[in-house]
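Peer 1:
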Amino acid sequence: MSVNEVTWQPKILVFACNWCTYAGADLTGLSRLQYPATVRILRVPCSGRINPQFVLKAFQKGVDAVLVAGCHPGDCHYTTGNYFTRRRFLIMRRLMEYVGLEPERLQARWISAAEAPKFQQVITEISEQIRALGPNRKLRDEEWKI
Amino acid sequence: MEDLTLVLRRTAKEILEKGEAQMVIGWEKGAFWYSSTSAFISKPEDTERLIWDEYCVNNLAKYLLDYRHKEGKVAVFVKGCDSRALNVLLQDKQLKREKILIIGLACPGMKDEVEARKLGRGSSIPLYKKCRECRYPNALNYDFFIGEDKVIKEIPAQDDFSEVQALESLSPDEKYNKFVANYERCLRCYACRNICPACNCRECIFDRTASGWSSKANNVSENMFFALTRALHVAGRCVGCGECERACPVNIPIMLLNKKIIQDINALFGEYEAGTDVTAKLPLGGFEFTDPEEFM
Amino acid sequence: MKRVGVFVCHCGTNIGAVVDCPQVAEKAMDFPGVVYSVDYKYMCSEPGQEMIKKAVQEHRLDRVVVASCSPRMHERTFQRCVEGAGLNSYFVEMANIREHCSWVHAGEPEKATEKAMDLVKMAVAKVVKNKPLQKATIPVTDRALVIGGGIAGIQAALDIANAGHVVDIVEKEPSIGGKMAQIDKTFPTLDCSACILTPKMVEAASHPNINLLTYSEVEKVEGFVGNFDVTIKKKARSVNMDVCTGCGLCMEKCPKKVDSEFELKMSKRRAIYTPFPQAIPNKPVIDRENCTYFNTGKCGICSKVCPAGAVDYTQEDEYLTRRYGAIVVAIGFELFDYSVIGEYGYGKYPDVITGLHFERLVNASGPTLGKIKRPSDHKEPKNVVFIKCVGSRDPAKGKSYCSKACCMYTAKHATLVREKIKDSNIYIFYMDVRTPGKGYDEFYNRTREQYGANYIRGRVSKIYQQGERLIVRGEDTLLGRPVEIEADLVVLATAMVAQPGAGQLAQKLGIGYDKDHFYTEAHPKLAPVETHTQGVYLAGACQGPKDIPESVAQASAAAAKVCGLLSKREMLTEPIVSEVNESICAGCGMCVAICPYKAIELKTISERIQGQTVERQVASVNGGLCQGCGACTVACRSAALNLKHFTDQQILAEVNALCL
Amino acid sequence: MCACNCDCNHDHDYDHNSVSSTVTSNPLIPMRAKVINIVQETVDTKTFYISTLDGEKPFDPQPGQLGMLSLPDIGEAMFSVTNKGEKHIEMAIKAVGELTNALHEIEVGQEVGIRGPYGNGFPLDYCRGKDLLFIGGGIGLAPVRSLIMHCIRNREDYGKLTVVYGARSKGDLCFKEDLFENWPKVPNMELFITIDKEEEGWDGHVGFVPSYVEELAFKPQVTVLCGPPVMIKFTLPVLQKMGFAEKDIITTLEMRMKCGVGKCGRCNIGSKYVCLDGPVFTMEELKDLPPEY
Amino acid sequence: MLVAQKAKLREILNALSEEYQVAVPVQREGTSAFELYRDGIEVMFNGNTSISPKGMFFPQTEKMYGFKTVKNTTEFVSLPVEQGKRLLFGVRSCDMKSLDCLDQVFLTKGYIDEFYKQKRERTVIVALGCNEPGETCFCASLGLDPQKAAGADVHAYDLGEVIGFEAVTEAGQKVLDLLKNHLREQQFALPPVGEFYLKPEVAGVPEKLKGMFESPLWEEIARKCLNCGACTYVCPTCHCFDISQDVRGEKGIKYRCWDSCMFGEYTQMAGGHNPRPTKKERVRNRFMHKLNYFPERYNMLLCTGCGRCLDVCPVKMDITSIIQQIKEAK
């Protein structure tokens, strides 16, 4: 999908854990809290299911930013899922920044099922950051047209 | 070094004659004066081929994987980095300790083969960078040790992350351009993976294109995906033996990624040196409730 | 290729008003694999579901995508619907174009429509990779656990026990009864709380199927629905329950006096005590912090006087682990600590008390034997002021919610004051009066008209001591002028808050809780007594402020759910578990350490490789224990582990679809 | 030294068996074709009838030749052409891998990519005028059937035809219509069909192919043998015991093939490429090839 | 012989760049390979490139054709192909011989690989003779003349200060005609070729290997091999490739890319059977292919003595010592 400056819209992929952040997003909807339409939510059972390789694949395929979101440590429906997520993404974020990806493009946040306003605020904030940064060209597959 | 070779041969011969092991894995002279290669000796009289000189850089630990299902024991000579590699293989349950006879060595640091080839026989040849920075020259975990256990190499106080910090200080675009420049020339020959002791899967996802994770196409995007994925897979288990960099036909500084992760693991989860203690819990195999919190 | 049907729902106007559903349905036809797509007003309705079933038959669909609301709402509905049409129930995927799209992008209809198309494209890409799954069965242990011995816990236990199942009640206090035991009368019938509670307590204590584990707490919870292994810590009572006859001699002779928590420190109890006379079990407990023997080693009178020799100082805390099929959480509530509110005297004025203090004062077995007296000088008060919504509906200093029961019990308190002090003046400061129950409003009107309680609409801004009396300064918003009353006694209707230990217990059980630490029910309307953790149910105030009738109703509801679960010897489980590809697994054991449910172990298999039989270790997943979190699939470097229904291939397909 | 297996070491370009020129100029680029019919042979085997968009035969393969069938977004694989009609070619495909499973989900009308024909095909002139014995196992009958149908079409060019065919169960027998309707009607053609285990509703022979062949004690003749490796392993000694000459026993091999034109180096057995010098080999040829297939 | 000052090479290459897309051997950080010439690029004169020029004709990843799969239709789309005349300057005789091997594979036996053919036909090759063989070189032992690359269009000789040119083919003559005002006629004797360190004797090896399939030697040789693809990817004669596709929704591109017989997945069949399951079979197949199968099929060895596999092998496998062991095996 070719990227031209004028018509570009940020494309942000959110990996949301089913029990907390996805439910928080639902509550954001129930409460009609508006946020930019730049976000696509992908449901996973637990933030522990989010493989850093999915994030690499997403950037390769042309996503502008990825948010990894799950329950607050201690609240995980599977008791320990998010503790592993925390370790993996503490390392992953530093590694991605180390190879040159702008830090705003890969974020991780804990958002519980009750924190609808926080979900709205996080999404709005990331969307603005990415709009400022512009389209992501790093780590991307080469583009071809036929 | 010279007399140690004789001790080495005698030890190997005794082992084979007494039947303590079916085979001894060591080094023998290769085609050139600056290269020694691995040797697999099963007959006592062949132990004459074994040598111990400043070019025995090959990490022999991973060869044990080929004999883990064979009957009897296998003896292997290990330097400091090799023994750490062996510990990682034990930690990953890929080898059974009782099937291995480990003969430890004190390593003086191995000479850089590429430099040796350039400078020629007479001149003084520098050690490999990884050997200069090496903090575990002596085998850690062995059945018996050859040569006095005294340190015959000065050991730096702690790991040298200066290159990593230098890279960290650059701007995102500069970092990215360096990263691309390195991995543009990657051939995807997987030498770095096949020589790495921490890469001991039975079937690697990069060997199964049907799994959908990667394709065989050689473009910079797939190469970067491979490099980052492998770095994450060996995170917390890379012993810093530097064999990946030595094996790479196009000399990509692969250790820059691994060192970065080692530095971050130490900073985030506490000092951890892979392969120094077989019983240790792998940093990315568990967690602490008190892990740093950045995602509130 | 797969034949996918896409069904786009308008959800009345909830989606249709913002997202151009026909356009989404039309665009869906271009997605790879889609052979049929349509939009309809209400997909989840009966006709909507019939439409899906008919379409599956007519167009030989083998996959279905429903673009509507959140899967957390109707995934089960549509899974049953496609099952009815003859497809495997896991051949359906939902695209959330309501909560995640139309409701949150109301101002940008075209962007919302474009996003809806993306979400449908992702769902189609995923559903094409869905594999047929069958539900597995696991054993169900025929035993229930009730945590909390208040009225809700007791009611739930009784209902479950009467259905023939064994129940254990774990109560952290020495006796069951909970907050209701402290209450005098109950609205709206004014019948005495003890009269309706104690028979239930006795029934619970004597019921053959119910075991009381008082003075005990839940230490650890492992396992999953049907097979919860709960470790319970029985704190040492220092009294041998089997031998003690409950004669009470030790309590008389014990020299050490301590403030009684039950009486809210308005009277004393002994170091060896039962919380209140009708306590069940009516056997004392030694309070080791205050008992002289445990502090200095001297005394020991209670063991000397005890005719049955039941006192045993050497008793240790005891841990026992039992397996339960279901758990009901009924740990009740605590009152809001009003000392944070400076205007009401930071809790320093003895004559400013809470509703529960008042209950003890009017209670015949209370510290003042039922006479309303001022805690400061024990005189009978003349002017009694009640203040409602203390800490409730007050996000600044207290809680944002309404505590539901205070309007009614304050009205009750007013009637009791009138009954006990004929010539008293009763003032009640209120913001609103909420009387939602049967007979509630009539009770409130009687309080105002017959019992002459003056209801003043307005908040109290300040209370301060002036000589012996308290000056209560507030305003009457209906008359629009400030009000000042000299009061002898001020009763605050403080908010109901969650038990302090609620958060830790939730983490042990793996259930959710909201920002006020009240437990989160599975669904506010459709599943009020269930939690997201299968097999764990809620009852009473721990789920949110409520009065006794509601708590009892919830208790019976939870009991009904438990009986539904325990009535079967085994139950169907979600087949969303991880599976191992043994030819790839290298037996490194990373996954074993990571699984929170200990569902993975290394087993030894033997296979022939190049003509040689080889023994090697591979991981094996116990489908019953695995809850499908997927943490192991990421720990597995060679991707030998994959999580059914959320496989690597499915998630990669969604990521790829998003970016085309 | 040409690679044709008639080891006449003249040096000419490869024109053995008149390989018809490929349909597109570039041998690796397929042409558009369409599946015009699908026959469900067994629970995991289907026969696909393929012709070009304008209803012609994509190419005219010799018996025993192969075609590279592709669903471009999934992959490409080599299959033997089990039969050909006026306007179509037939390929029998068993669902084993990613592509074959996808093929089993397509419907009539699905457009595919096809290129070929590849491989050397059966040595027709060597077989002309002789009695022929066909031994097949399971899906192994597919390549053999191409020669059988050729012989039936030119019945007078060939002697007595004998077919011995076995499968795991009645349901696993491929090309049932030929086995039970068409072939019994062919003059001077004998059919021996067997299944591995007893099954009610089956009154034919029960037993494995090798023992059945031994039981039937055929006189030595040109034999085409194709089936799972275990069947070949046990049938060969039986034939040799009955005096069959190794150069008279012909088989087709199945290997992983990618290019189909002897370039990508994948399907080599020793110096021979199965896709180009094969897939048809005589046992004699196979004997001096390394046992690596 | 036509000669020119080495210092004027830059002008020569610029002149050639008018007519051709010129590629020259360049030393880059960590590796050296053939690259498109741009003014000012320093041509690598000593030794051979670590990445062979094979990629110029048989790229590691090459898009073959596009396709569109909409619903149940399938459409094939041809892709634009790079045109224009090319000139490779500085190809050594071992790499030139490897092109001869690749020609046999891609252009004979009844099928022409159009992709390869198109690139081969539009390229003129100016070979550069080696005076000083590298430590791992052994092309002479395989009958190659290090100074004269058979099959090249122009022979260039490194004569110290001066470069000599000799046209061999017409296309080569056209190149030299183009440069006539840069060159002058002068007689020069070729310098003697330096001493080779490695001298394997290959005579009789292909024939001997015919019976050595079951020899225990392969087990020993294969022990230290890691089965990585380094040797096959730097080898100028290795030509195995895989065909795969990059699918994006309804569109996709079918490409071919280098593959290695050393990888496990190479001969893995769908049903699970793998004719070459362990590294013993794979190592045996690699050396048998180079020294027996290929000669049997195309009448030439599939090794040109460039020594690259010796340079890159992480465990120092050495084909010359293997040839020696084959000769000595019983």
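Chains as they are written, first to last, in the numbering used here: chain B, 1 to 146; chain D, 147 to 442; chain V, 443 to 1102; chain U, 1103 to 1395; chain L, 1396 to 1725. Using N, Cα and C, we set each Cβ at its ideal position, and we do this for glycine too. All values reported here derive from a predicted model rather than from experimental measurement.
Could you tell me the boundaries of the alpha helix (DSSP H) in which Y786/V lies?
Peer 2: One-based indexing of the third sequence puts residue 786/V at position 344. Here Y786/V belongs to no alpha helix (DSSP H), and DSSP marks it neither H nor E.
Peer 1: Output yes or no for whether 8 Å exceeds the beta carbon distance between K1360/U and I1638/L.
Peer 2: Here residue 1360/U refers to the residue found at position 258 of the fourth sequence. Here residue 1638/L refers to the residue found at position 243 of the fifth sequence. Yes, these two residues count as a Cβ contact at 8 Å.
Peer 1: In chain order, what residues of the region 939–955 of chain V put their CB closer than 7 Å to some CB of chain B?
Peer 2: Cβ contacts with chain B: Q949, G952, G954.
Peer 1: Less than 6 Å between C-beta atoms, sequence neighbours within five positions excluded: which residues of the same chain meet that for V1324/U?
Peer 2: What you label residue 1324/U is simply residue 222 of the fourth sequence in a count that begins at 1. Once the five neighbours on either side are set aside, the close Cβ partners of V1324/U are C1229, K1232, L1234, D1350.
Peer 1: Using a Cβ cut-off of 8 Å (strictly closer), state whether F89/B contacts chain V.
Peer 2: Counting from one through the first sequence, the residue named residue 89/B turns up at place 89. F89/B does not count as touching chain V.
Peer 1: Report buried or exposed for E1387/U, applying the criterion of at least 16 other Cβ atoms within 10 angstroms of its Cβ.
Peer 2: Within the fourth sequence, numbered from 1, the residue matching residue 1387/U stands at position 285. So E1387/U ends up on the buried side.
Peer 1: Give the single residue among E552/V, L561/V, P551/V, Q491/V whose Cα lies nearest to the Cα of A470/V.
Peer 2: For the purposes of this step, residue 470/V is taken as residue 28 along the third sequence, with counting starting at 1. It is L561/V whose Cα lies nearest to the Cα of A470/V.
Peer 1: Do the CB positions of V1097/V and A58/B come within less than 8 Å of each other?
Peer 2: Here residue 1097/V corresponds to residue number 655 of the third sequence, with the count starting at 1. Here residue 58/B corresponds to residue number 58 of the first sequence, with the count starting at 1. Their beta carbons are under 8 Å apart, which means V1097/V touches A58/B by this criterion.
Peer 1: If you measure from the beta carbon of M1664/L to each beta carbon in chain U, is any gap under 8 Å?
Peer 2: In the fifth sequence, residue 1664/L corresponds to position 269, counting from 1. Interface residue, yes.
Peer 1: Below 7 Å between beta carbons is the criterion; list the residues of the region 1643–1672 of chain L that meet it against any residue of chain V, in chain order.
Peer 2: So the list reads R1643, G1644, E1645, P1672, given in the order they occur along the chain.
Peer 1: Is G165/D helix, strand or coil by DSSP?
Peer 2: Working through the second sequence from its first residue, we reach residue 165/D at position 19. Of the three classes helix, strand and coil, the one that applies to G165/D here is coil, per DSSP.
Peer 1: Output the distance between the C-alpha atoms of V1125/U and R1423/L, rounded to the nearest integer angstrom.
Peer 2: Translated into the one-based positions of the fourth sequence, residue 1125/U becomes position 23. Translated into the one-based positions of the fifth sequence, residue 1423/L becomes position 28. At V1125/U the pLDDT is 46, less than 50, meaning the model places this residue with poor confidence; the figure from the coordinates comes in the next sentence. Spanning the two alpha carbons is a distance of roughly 44 Å.
Peer 1: Compute the distance between the beta-carbons of R339/D and C345/D, then report whether it is under 8 Å.
Peer 2: Taking the first residue of the second sequence as 1, we reach residue 339/D at position 193. Taking the first residue of the second sequence as 1, we reach residue 345/D at position 199. Their beta carbons are under 8 Å apart, which means R339/D touches C345/D by this criterion.
Peer 1: Which residues in the same chain have their Cβ closer than 6 Å to the Cβ of M1385/U, if we skip the five residues on either side of it in sequence?
Peer 2: Your numbering for residue 1385/U matches position 283 in the fourth sequence. Only E1348, I1351 meet the Cβ criterion.
Peer 1: Could you check whether the Cβ of L247/D sits closer than 8 Å to any Cβ belonging to chain L?
Peer 2: Residue 247/D sits at position 101 when you count from the first residue of the second sequence. No, because no Cβ of chain L sits closer than 8 Å to the Cβ of L247/D.
Peer 1: Is it buried or exposed for S360/D, if we count other Cβ within 10 angstroms and need 16 for buried?
Peer 2: Stepping through the second sequence from its first residue, residue 360/D is reached at position 214. S360/D comes out buried.
Peer 1: Bridge partners for Y1046/V per DSSP, in chain order?
Peer 2: As a working mapping, residue 1046/V is identified with position 604 in the third sequence. With the sequence shown as reference, residue 1046/V is identified as Thr, and Tyr is not the correct amino acid for it. Q1059/V, per the DSSP bridge assignment.
Peer 1: T422/D and Y288/D look like a contact to me (Cβ under 8 Å); what is the Cβ gap, rounded to whole Å?
Peer 2: Locating residue 422/D in the second sequence gives position 276, where the first residue counts as 1. Locating residue 288/D in the second sequence gives position 142, where the first residue counts as 1. Rounded, the Cβ-Cβ distance is 14 Å, inconsistent with contact.
Peer 1: Between the alpha carbons of I1093/V and E349/D, how many angstroms are there, rounded?
Peer 2: Taking the first residue of the third sequence as position 1, residue 1093/V is located at position 651. Taking the first residue of the second sequence as position 1, residue 349/D is located at position 203. If you take the alpha carbons of I1093/V and E349/D, they lie about 21 Å apart.
Peer 1: Counting contacts by CB-CB distance shorter than 8 Å, is D199/D in contact with chain V?
Peer 2: What you label residue 199/D is simply residue 53 of the second sequence in a count that begins at 1. No, because no Cβ of chain V sits closer than 8 Å to the Cβ of D199/D.
Peer 1: Considering only residues of the same chain and omitting the five flanking positions on each side of V1710/L, which have a CB-CB separation below 8 Å?
Peer 2: On the fifth sequence, position 315 is the one that residue 1710/L refers to. Excluding positions up to five away in sequence, the list reads K1619, C1620, L1621.
Peer 1: Counting contacts by CB-CB distance shorter than 8 Å, is G100/B in contact with chain D?
Peer 2: Taking the first sequence and counting its residues from 1, one reaches residue 100/B at position 100. By this cut-off, G100/B is an interface position.
Peer 1: Where does the unbroken beta strand (DSSP E) through A924/V begin, and where does it stop?
Peer 2: In the third sequence, residue 924/V corresponds to position 482, counting from 1. First, the amino acid is wrong: residue 924/V is Pro here, not Ala. Its beta strand (DSSP E) spans residues 923–929.
Peer 1: So what's W1653/L in DSSP terms, helix, strand or just coil?
Peer 2: Looking up residue 1653/L in the fifth sequence gives position 258. It is a strand residue.
Peer 1: What does the alpha-carbon distance come out to for the pair E259/D and E1530/L?
Peer 2: Mapped onto the second sequence, residue 259/D falls at position 113. Mapped onto the fifth sequence, residue 1530/L falls at position 135. Going from the Cα of E259/D to the Cα of E1530/L covers about 13 Å.
Peer 1: Check L1083/V in the structure and name its three-state DSSP category.
Peer 2: Here the question's residue 1083/V lines up with position 641 in the third sequence. Looking at L1083/V - three-state DSSP - the assignment turns out to be strand.
Peer 1: By Cβ distance, which residues of its chain are closer than 7 Å to E174/D, with the 5 residues on each side in sequence left out?
Peer 2: Walking along the second sequence from the start, residue 174/D turns up at place 28. Correct list, in chain order: S182, T183, A185, R195, L196, I197.
Peer 1: Does the CB of G24/B have a neighbour CB from chain V at under 8 Å?
Peer 2: Along the first sequence, read from residue 1 onward, the residue named residue 24/B stands at position 24. It does not; no Cβ of chain V falls within 8 Å.
Peer 1: Going by beta-carbon coordinates alone, are R1270/U and G1240/U separated by less than 8 Å?
Peer 2: For the purposes of this step, residue 1270/U is taken as the residue at position 168 of the fourth sequence. For the purposes of this step, residue 1240/U is taken as the residue at position 138 of the fourth sequence. Yes, the pair counts as a contact, with Cβ atoms nearer than the cut-off.
Peer 1: Measuring straight from C-alpha to C-alpha, what distance separates G432/D and I714/V?
Peer 2: In the second sequence, residue 432/D corresponds to position 286, counting from 1. In the third sequence, residue 714/V corresponds to position 272, counting from 1. Each residue's alpha carbon lies about 46 Å from the other.
Peer 1: Pop quiz: S487/V and G447/V are said to be a contact at Cβ under 8 Å. What is the actual Cβ separation, rounded to whole angstroms?
Peer 2: Mapped onto the third sequence, residue 487/V falls at position 45. Mapped onto the third sequence, residue 447/V falls at position 5. Contact flag wrong, Cβ pair sits at about 17 Å.
Peer 1: In whole angstroms, give me the CA-to-CA distance for D701/V and R711/V.
Peer 2: Locating residue 701/V in the third sequence gives position 259, where the first residue counts as 1. Locating residue 711/V in the third sequence gives position 269, where the first residue counts as 1. Spanning the two alpha carbons is a distance of roughly 6 Å.
Peer 1: For the ligand SAH, is there any heavy atom lying closer than 7 Å to the beta carbon of E1301/U?
Peer 2: As presented, the structure is devoid of all ligands, the ligand SAH included, so that no description of it is given.
Peer 1: Find the nearest neighbour of I91/B within the set K189/D, V380/D, G386/D, R278/D, judged by alpha-carbon distance.
Peer 2: Here residue 91/B corresponds to residue number 91 of the first sequence, with the count starting at 1. Per the Cα distances, V380/D.
Peer 1: Strictly below 8 Å CB to CB, what residues from chain L border N1370/U?
Peer 2: Here the question's residue 1370/U lines up with position 268 in the fourth sequence. The answer, in chain order, is N1680, H1684, Y1688.
Peer 1: Taking Cβ-Cβ distances shorter than 7 Å, what residues in chain D pair up with S1610/L?
Peer 2: Within the fifth sequence, the letter at position 215 stands for residue 1610/L. Per Cβ cutoff of 7 Å: no residues; S1610/L is ~17 Å from chain D at best.
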